[in-house]
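A quick write-up on the structure given underneath.
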Amino acid sequence: MGRLLVIAEHDNRRLSGVTAKCVQCASTVPDAEIHVVVVGSGAAAVADEAARLTGVAGVTLVDAPAFANPLAAALAPAVAELAAGASHVFGPSTTFGRDLMPRIAALLDVGQVSDIMAVEAERRFRRPVYAGNAIVTVTVDDAGPVVGTVRIASYTAAPLADAAAPVTTATVAAATPGHTRFIALSAPGGDRPDLQSAARVVSGGRALGSAENFRMIQEIADALGAAVGASRAAVDAGYAPNELQVGQTGKIIAPELYIAIGISGAIQHLTGIKDARTIVAINKDADAPIFEVADYGLVGDLFTILPELKTLLAKA
Amino acid sequence: MNRILVGVKRVIDYNVRVRLKPDATGVVTDGVKMSLNPFDEIALEEALRLREKGLASEVVAVSIGPADVQTQLRTALAMGADRAIHVQADEALEPLDVARVLLAVAQRETPDLVLLGKQAIDADNGQTGQMLAALWQRPQATFASKIEVEGTVARVVREVDAGLETIEVDLPAVVTTDLRLNEPRYVKLPDIMKAKKKPLATQTLAELGVAPKRRQTVSQYVAPPTRQKGVIVKDAAALVDALRNKGLI
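Each protein sequence line maps, in turn, to chains H and W.
Mapping of the first sequence onto our numbering: position 174 corresponds to residue 190, and the numbering continues sequentially without gaps.
Mapping of the second sequence onto our numbering: position 186 corresponds to residue 384, and the numbering continues sequentially without gaps.
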């Protein structure tokens, strides 16, 4: 039986929801004993949270002030040290995991399988390439640990277990490099649901025309308790901040309900939403590609439709 | 800074609709328009801007692949790179080997900054920069949307899931570029002519001391599952009804 490490994403206070999805992916690897690795500073609560996920055999906590911020240059040597003898090392395909995992792979002298969407065998996986226009099978021929990032949209979260797995603390010998320094994180966030884990997402595109008009998207989202997303065009135009971008180079999401408003549906955007359960498109161009994938389409001027929609949604 | 090294990859053009080979061994590339990977173009543009601000004296573009990649290196030279290095490789290299090649080039060229795209739009791996930084034992700043260089330090704003993260790295460092770092310039015809005279050196993997190793087998290129086209509703009220009936709102 192999020891499979899942590298936890967290902010030292809470475990990110994406880690439960990595654990779910890990639990489909045959004969794997899943250990969650929490590297942080003052992150004991995170380790306890991870220990309650179904399928987790144990949690390893590496806690030191040097790991207060998720800098790949600091974290990678620590994880590489813990990965000695492991069969797999998985992390989420989020900016955290995409930054960290290849650095770990290189330290372990192995390749990486990015964006795992299905596990076919212990060392065989399926993943998207060409912006999701093709799915390939990757067989890892390396003898060392399989390093991979998990495509979050392809998995549900591992449920909570009745009993918690044991948490052990570990120290690492690897020195923390001083060459990389965290300065600041600007995370507006707010009270809205998180884009990557929300059950409902309302996204706006370039057709909104201005940052001011983009507030209409926020109002619809608030009426539905939904997260707000945006197309690349809307972000590039400055209507919405970068962290709201949905698509190949933004966030890949899989909500129950996705409502695309004034988004034509470039292939790069569709890549980010095709795992959504139900897609709704509102666009004035009846030939927009978004209608090819939408379960419900509404053709018309969004400046007429959105106020109507808002009124209708208010009448619960 | 003395020198900036920029890695550029030849990929199927961003606007081309990718087609799968019927035998599932890959995608159709015959007769398909090839271009610089868009993220690498952004990396090159940033290097040129740093040089134009007087913060670097030389920009060197490097690409790995068969002779065809010289076309993209000429484009890089036309954009403004001072010289180019073509590392000959007939087979596509995996990211770890690309990182090893770039490490060998970096050790010879001693750049203060290596700029790469955050991912190539063909394999979508997003690994090379981080792997190079690990092998080089140097800092990495991925997904950059702003780069400021002062002396031997670069301050980089990174596009992360939560928002924007700022980090500071000592040079030399590896920085990978995100979409909003800049908008690459258009190449003008006189620059294309001038680029023909700029130096383009060719090196072999053996000369760089890199023996590629196949670590993964990629097979069975298949189309993703497609979504069925749905229904068009007549107005907002019909849409809300439909969603309520399905229990979605």
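Beta carbons are placed, not taken as given, at the ideal position from N, Cα and C, and that holds for glycine.
Give a yes or no on whether 9 Å exceeds the smallest Cβ distance from residue i to chain W.
i, result
"H/Ser170", "no"
"H/Arg216", "yes"
"H/Val95", "no"
"H/Val156", "yes"
"H/Thr196", "yes"
"H/Ile132", "no"
"H/Pro378", "No statement about residue 378 of chain H is possible, as the shown extent of chain H runs from 17 to 332 and does not include it."
"H/Ile321", "yes"
"H/Asn258", "yes"
"H/Gly212", "Note on residue identity: the sequence assigns Gln, not Gly, to residue 212 of chain H. Output row for H/Gln212: interface = yes."
"H/Asp317", "no"
"H/Val309", "yes"
"H/Ser103", "no"
"H/Glu324", "yes"
"H/Val145", "yes"
"H/Ser202", "yes"
"H/Thr294", "yes"
"H/Arg208", "no"
With a threshold of 6 Å on Cβ separation, who are the neighbours of residue i within its own chain once the five nearest residues in sequence on each side are excluded?
i, result
"H/Leu322", "Met232"
"H/Ala67", "Val75, Ala180, Ala181, Val183"
"W/Glu359", "At residue 359 of chain W the sequence reads Asp, which differs from the Glu that was named. So no residue of the chain qualifies."
"H/Glu65", "Leu31"
"H/Gln284", "Ala147, Gly263, Gln264"
"H/Ala36", "Leu69, Ala173, Ala174"
Distance cutoff 9 Å, beta carbons only. Does residue i sit that close to anything in chain H?
i, result
"W/Ile210", "yes"
"W/Leu387", "no"
"W/Thr402", "no"
"W/Met232", "no"
"W/Lys207", "no"
"W/Lys344", "no"
"W/Gly229", "no"
"W/Glu357", "yes"
"W/Leu203", "no"
Tell me whether residue i counts as near the ligand GTP, meaning its Cβ is closer than 8 Å to at least one heavy atom of that ligand.
i, result
"H/Asn85", "Questions concerning the ligand GTP fall outside what the structure shown contains, since it holds no ligand whatsoever."
Pick from the options: whose alpha carbon is nearest that of residue i?
i, options, result
"H/Arg139", "H/Ala73, H/Val126, H/Asn149", "H/Val126"
"W/Gly224", "W/Ala321, W/Ala360, W/Ala339", "W/Ala321"
"W/Val230", "W/Gln328, W/Pro309, W/Asp211, W/Glu243", "W/Asp211"
"W/Arg412", "W/Val296, W/Glu256, W/Val226, W/Asp228", "W/Val296"
"W/Ala332", "H/Gly206, H/Met117, H/Leu69, H/Val78", "H/Met117"
"H/Gly205", "H/Leu286, H/Thr155, H/Leu260", "H/Leu260"
"W/Tyr384", "W/Arg217, W/Asp221, W/Pro220, W/Glu239", "W/Glu239"
"W/Pro337", "H/Leu77, H/Pro46, H/Leu87, H/Gly74", "H/Leu87"
"W/Thr400", "W/Lys207, W/Asp221, W/Val260", "W/Val260"
"W/Glu348", "W/Pro388, W/Met329, W/Trp334, W/Leu369", "W/Leu369"
"W/Pro264", "W/Val285, W/Lys427, W/Met329", "W/Val285"
"W/Met199", "W/Gly252, W/Pro220, W/Val429", "W/Gly252"
"H/Asp158", "H/Glu308, H/His104, H/Gly254, H/Cys41", "H/His104"
"W/Phe341", "H/Gly266, H/Glu272, H/Cys38", "H/Gly266"
"W/Gly445", "H/Glu272, H/Glu136, H/Lys331, H/Ala223", "H/Glu272"
"H/Phe83", "H/Phe106, H/Val135, H/Thr110, H/Gly194", "H/Gly194"
"H/Phe319", "H/Val166, H/Gly221, H/Asp303", "H/Gly221"
"H/Ile269", "H/Gly254, H/Gly160, H/Ala191, H/Leu211", "H/Leu211"
"W/Glu363", "H/Ser43, H/Ala215, H/Gly254, H/Thr111", "H/Thr111"
"H/Ser226", "H/Arg208, H/Arg29, H/Pro257", "H/Pro257"
"W/Val330", "W/Gln305, W/Asp439, W/Glu346", "Reading off the sequence, residue 330 of chain W comes out as Leu, not Val. Among W/Gln305, W/Asp439, W/Glu346, the Cα nearest to that of W/Leu330 is on W/Gln305."
Counting only the same chain and skipping the five closest in sequence on each side, list residues whose C-beta sits under 7 Å from that of residue i.
i, result
"H/Ile306", "Ala276, Ile279, Ser280, Gly281, Ala297, Asn299"
"W/Gln317", "Phe237, Asn323, Gly324"
"H/His26", "Ser32, Val54, Gly56, Ala59, Val62"
"W/Ile365", "Ala339, Val354, Arg356"
"W/Ile319", "Val209, Tyr212, Asn235, Pro236"
Please list, in chain order, all residues of the same chain as residue i whose beta carbon is under 8 Å from its beta carbon, the five residues on each side excluded.
i, result
"H/Ile236", "Val218, Ala242, Ile275, Ile277, Leu322, Leu325, Lys326, Leu329"
"W/Lys396", "Leu275, Ala279, Asp280, Arg281, Ala282"
"H/Pro81", "Ser57"
"W/Thr269", "Arg208, Met232"
"W/Gly407", "Ala302"
"H/Leu123", "Ala92, Pro93, Ala96"
(message) Assess contact between the region 179-196 of chain H and the region 239-256 of chain H, defined as three or more Cβ pairs (one per stretch) separated by less than 8 Å. Is contact present?
(response) no
(request) Please name the residues in the region 75-99 of chain H whose beta-carbon is closer than 8 Å to at least one beta-carbon of chain W, in chain order. (result) Leu87, Ala88, Ala89, Ala92
(request) Indicate whether the contact test is met: 3 or more Cβ pairs, each with one atom in the region 286-303 of chain W and one in the region 401-420 of chain W, closer than 8 Å. (result) yes
(request) Could you tell me whether the region 370-382 of chain W touches the region 83-103 of chain H, where touching means 3 or more Cβ pairs closer than 8 Å? (result) no
(request) Evaluate contact between the region 422-437 of chain W and the region 303-319 of chain W, counting only Cβ atoms and requiring at least three cross-stretch pairs below 8 Å. (result) no
(message) Is it the case that the region 286-295 of chain H contacts the region 309-318 of chain H, given that we only count it when at least three CB pairs across the two stretches are under 8 Å?
(response) Three or more pairs of CB atoms, one per stretch, sit closer than 8 Å, so the region 309-318 of chain H contacts the region 286-295 of chain H.
(request) Decide if the region 416-433 of chain W is in contact with the region 143-161 of chain H; the criterion is three or more beta carbon pairs, one per stretch, under 8 Å apart. (result) yes
(request) Note down, in chain order, all residues in the region 268-294 of chain W with a beta-carbon under 8 Å from any beta-carbon belonging to chain H. (result) Glu292, Pro293, Leu294
(request) Give, in chain order, every residue of the region 298-325 of chain W whose Cβ lies closer than 7 Å to some Cβ of chain H. (result) Ile319, Asp320, Ala321, Asp322, Asn323, Gly324, Gln325
(request) Identify each residue in the region 422-435 of chain W for which the Cβ-Cβ distance to at least one residue of chain H is less than 9 Å, and report them in chain order. (result) Pro422, Pro423, Thr424, Arg425, Gln426, Lys427, Gly428, Val429, Ile430, Val431, Lys432, Asp433, Ala434, Ala435
(message) Beta carbons nearer than 8 Å to chain H: which residues of the region 372-387 of chain W have them?
(response) Asp376, Leu377, Arg378
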